[in-house]
Every structure is written in structure tokens, then in C-alpha cells.
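Inspection log for the structure reproduced underneath, given as C-alpha cells.
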Amino acid sequence: MICLTHPLAGKTKDAICNAVEVRVCVEHNLLITHYYHSGFSVASERTLVVFDYWRGENGELKPDRQITTEQLRQYENVFVFISHEHVDHLDPIVFTWSEAGNVTYIVSSDMPVGTRGKRMAPGDTLKLSEELTVTAFDSTDLGVSFLTEFCGIRIFHAGDLNFWHWREESTMQEIEEADAEFRKAVKPLEQQKIDVAFFPVDPRQGAMFEAGANYFILSAKPRILIPMHYFRRADTALDYARTASCRTTEVIALPGYGDRLRIQADEDHYLNVSFPSDENAGETDENAPADGSELPLDEGDTMLSEDDPFLESDLPLASLAEEDDQDPEAE
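Per numbering that gives the first Met the number 0: the sequence shown = residues 0 to 330.
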């Protein structure tokens, strides 16, 4: 059972669950932060876990929202996961964090020789601390995906695991091959219990871009899915959260740079998900409306873009050129 209090999940902040009162254990209390793209952290009182941190190609993640060495020193242990070597999943700054003295790196086994960290291939399991265990699973691109058990809560980061089909340019055979590869990679995850999944919802794919996430929800049945890998298209995550939730899975969008949610699990593993205003980077107490109404999204703190959404389109160049050359009067 999941108790939710978040407007982006289709609920209000005053929503009341029909569940019994949650009895929260400190060790089952985690704070999730979404930075940008596929970058997340998950924190307990003693441990910080970071996945695929990236500040963006053009500094989209502003300095006041970035992870600093000083912040890392507040934890006994920091574990930095790097699913693969693509630039949008690996920011070189993460290797400077070793200055904090408490950082361990976990990387995919196909990372370039010399990359710092404990290497993992699909099927490998590591016990990293008393609080944290991780198993690597396959990907449909470079690297691996990670399933962690952190303070009793099972969190999955997909990396680049997705149904990478491109309907406007791929042949039917290519789409069928991508579909088969994706289903094969997801199959082992169907046997796992996943509390929270970070999963790609990438609008650059064009038509049916959400097919991978939809299949993952239907097959792996995560209790909560948080969209990622949408670059600056926060509208994509918001729309998906409004439409994709189902009986087994609640989809929650974190559209702002540094947006947070807290997950608490009781002894029966009921989950309580909340967005305290004093913990949300985009919603501060001093900015809260006096009447208690919901805060509007701050354009400066979100990934909503007024730019052309297909500026980085993966559509064939020929088709884009044809659209640009069309005579408006001919329509």
C-alpha cells in the first residue's frame, strides 16, 4: 500500500490515505532528490547514494542545486553509481568528490580501463555496507542497470535500459529486434520486488516514446515509478505522471531541479510518500501562499522549456527539412 501526498501524482497535499497510521522506522526513511536528466540521490541519515549525476550540457543544473564536497562530508558513507560512460550519465566532476574521503564508486564493467570504482556486470551482487546492497542487471545500451536495497527499500535505476525504438526512422525489423532485446533485459526484473524505479521517458524517440516505461510498469510492477531521461522536457514527465498511474504503480514526476520526495516504510512495508515544503528545493516556506494553496511551478526552477521541443530531435534530417520547406499556403 502507498500513501501519497503530492499534487503531481494527482493528489492534494491534504490527501488522506485509507491505510492504517504508518509506524515509521528511522532506518526505513529515505530522501530522494532529482537533479537533472537521469541524476538522483537517495539519502538516509548516515549514507548518501548518487546515481548517474550530470549537471547538463549547458550548465542547466545551477550551482545552488549541485552536490558539493561539503555536503558529502555530512555522511559517513557516499556511494556513487555510474551506469555507463555516456556523457549524459557521467559528469567528470563526480571523481573530484573523492576529496571528501568517504566516497566509493560503483561502475559498469564496460567502462574504459582505468575508470575508478568497483566494476559490476549483469548478475553481480555487492554488499556495500550494512545499509546497502546492489545487484546489476542488463541494459539495452551501454553498461548496466542497478537494483539496490537501501535501508530495506528496493530502488531501481534503469541507466539506459529502455525500449529504444525510433518509429519515424527505424525499419520494422529494427523495431522488432529492439522490442525483443528490451523484453529479454526486463524479464529477470519481473521476479524482483521494486519499491521505486527511476526509468527513461524520452520524447526524442517520437511516436510511442513511452512504450518502454509502459511495458516496465506492466511487467516489473514497481510500486512507484519516477520518470527520467527527458532532458529539459519536464512537461513530458508531468503528462506521463498524470496518465500512466495504475493499480500496481504510482507514477510521480519531479520536474524541478533539486525536487525531493521522502519515502518512509513501516514494519509491514507500507510506503508513505510526502513532499515536505521545507525539504523541496523548489518550494520554500517563505514563498508559500498564505492561504495554503498549492504553489505554481517556478519556471526558473523547472525543466519546462519554451524552446523548440524537437531542437535535439532524432527524426531523420530529411523529414525535418521537408517540414521546414512546406509552403504554409499549401495547407
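Think of the CB as a built atom: it goes at the ideal place given N, C-alpha and C, for glycine as much as any other residue.
Predicted model only: the values in this text are computed from it and were never measured.
Cut-off 6 Å between Cβ atoms - residues of its own chain near residue i, not counting five sequence neighbours on either side
i: Tyr52; result: Gly38, Asp90 and Val93
i: Ala42; result: Leu30
i: Val49; result: Ser40 and Val79
i: Lys117; result: Ile105
i: Ala196; result: Phe155, Pro221 and Leu224
i: Arg261; result: Leu30 and Ser273
i: Thr114; result: Val106
i: Thr132; result: Lys126 and Glu148
Beta-carbon contacts of residue i that lie in its chain and below 7 Å, excluding the five residues immediately before and after
i: Pro121; result: Ala135, Phe136, Asp137 and Val143
i: Cys150; result: Glu26, His27, Leu29, Ser43 and Glu130
i: Glu189; result: Ser218 and Ala219
i: Glu98; result: Thr68
i: Ala264; result: His27, Gly151, Ile152 and Leu270
i: Ala236; result: Val200, Pro226, Tyr229, Ala252 and Pro254
i: Ala184; result: Asp137, Ser138, Thr139 and Leu160
Where residue i falls, given that 16 or more other Cβ within 10 Å makes a residue buried
i: Pro111; result: exposed
i: Asp63; result: exposed
i: Glu266; result: exposed
i: Asp13; result: Since pLDDT at Asp13 reaches only 35, below the 50 mark, its modelled position is unreliable, and the value read off the structure follows with that caveat. Under this definition Asp13 is an exposed residue.
i: Asn271; result: buried
i: Ala212; result: buried
i: Arg246; result: exposed
i: Val86; result: exposed
i: Glu209; result: buried
i: Arg166; result: exposed
i: Met119; result: buried
i: Ala206; result: exposed
Continuous alpha helix (DSSP H) stretch holding residue i: start and end
i: Ile71; result: Sequence check: residue 71 is Leu here, not Ile. Unbroken alpha helix (DSSP H) run through Leu71: Thr68 to Leu71.
First and last residue of the uninterrupted beta strand (DSSP E) at residue i
i: Leu237; result: Element bounds for Leu237: not the beta strand (DSSP E) but the alpha helix (DSSP H), Ala233 to Ala243.
i: Gln263; result: Asp258 to Ala264
i: Ala252; result: No beta strand (DSSP E) contains Ala252, which DSSP labels as neither H nor E.
i: Ala42; result: Phe39 to Ala42
i: Leu47; result: Thr46 to Phe50
i: His33; result: Asn28 to His33
i: Asn57; result: Unbroken run through Asn57: none, as it is neither H nor E.
i: Leu270; result: Leu270 to Ser273
Distance between beta carbons of residue j and residue i, contact taken as under 8 Å
i: Ile251; j: Ile225; result: 6 Å
i: Asp194; j: Arg153; result: 5 Å
i: Thr46; j: Glu75; result: 7 Å
i: Lys220; j: Thr248; result: 6 Å
i: Phe162; j: Tyr214; result: 6 Å
i: Thr103; j: Leu127; result: 7 Å
8 Å Cβ shell around residue i - same chain, five flanking residues per side excluded
i: His83; result: Leu89, Ser107, Asp109, Met110, Ser138, Asp140, Leu141, Gly142, Val143, Gly158 and Asp159
i: Gln204; result: Trp163, His164, Trp165, Arg166 and Asp313
i: Gln172; result: none
i: Asp178; result: Phe162 and His164
- request: Mind listing, in chain order, the continuous alpha helix (DSSP H) runs of no fewer than 4 residues lying wholly within the segment 170 to 222?
  value: Runs found: 171 to 185 and 210 to 219.
query: Unbroken beta strand (DSSP E) runs of length 3 or more, entirely within the segment 82 to 152: which are they?
result: Listed in chain order, they are 102 to 107, 117 to 119, 124 to 126, 131 to 136 and 144 to 149.
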